[in-house]
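Each remark here refers to the structure printed beneath this line.
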Amino acid sequence: MAQQLQLRVIKAAKDLPTLLGEEAQKLCHPIIIATKGHPCTGRRLLAFLLAATLRCPLIKEDDIGEEPNQASNYQLVCQIASSQLEFGLSVVVDSQLCNKSQFTQLESLSKCTETPLVIVECQALDESKLW
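Residue numbers are given in numbering that gives the first Met the number 0: position 17 of the sequence shown equals residue 16, and the series is strictly consecutive.
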């Protein structure tokens with residue numbers, strides 16, 4: 000089942016230029032793409048493929064600290080993203096994005112930097128089949 004999920008995510012990533020349109024490749028202004036979802040939904044793989052396809056930094060909350068969903072971890076994620084945006088780079092942020100404060104921080108970053116924010120929510124099609 001995990002292999003089928005991986006194939007679906009890879010297919011979706013290959014279709015990304017079509018889905019976003021040719022205009023996405025002509026972007027002069029950076030964009031923030033944040034993946035949201037629980038473990039085993041393909042969120043991490045999708046974030047990786049988005050970053051690779053768009054050739055932009057991938058910032059993973061899991062790489063910041065040992066305790067997931069810590070407020071200080073997400074502040075660091077946003078600081079790193081802000082630095083990349085200052086260089087004119089788009090960023091992909093991978094996290095569960097499971098609480099309002101994380102969303103608020105991303106929204107604030109988007110407003111402060113005048114950068115569009117796109118949230119991509121990943122969900123398992125049928126969680127019972129994943130286990």
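Heads up, the beta-carbon is just placed ideally off N, CA and C, and yes, glycines get one too.
Helix, strand or coil at residue i [DSSP, three-state]
i      : result
LEU108 : helix
LEU75  : helix
GLU85  : helix
Cβ shell of residue i (< 8 Å), same chain only, five flanking positions each side left out
i      : result
SER109 : ILE31, PRO115 and LEU116
CB contact flag (residue i, residue j, <9 Å)
i     : j      : result
LEU44 : VAL91  : no
THR40 : LEU96  : no
SER81 : CYS121 : no
ASP93 : ARG42  : yes
Euclidean distance between Cα positions of residue i and residue j
i      : j      : result
GLN101 : TYR73  : 7 Å
GLY64  : GLU106 : 22 Å
GLY87  : PRO29  : 6 Å
PRO38  : ASP62  : 15 Å
SER89  : LYS59  : 14 Å
GLN104 : PRO56  : 19 Å
ILE79  : SER71  : 12 Å
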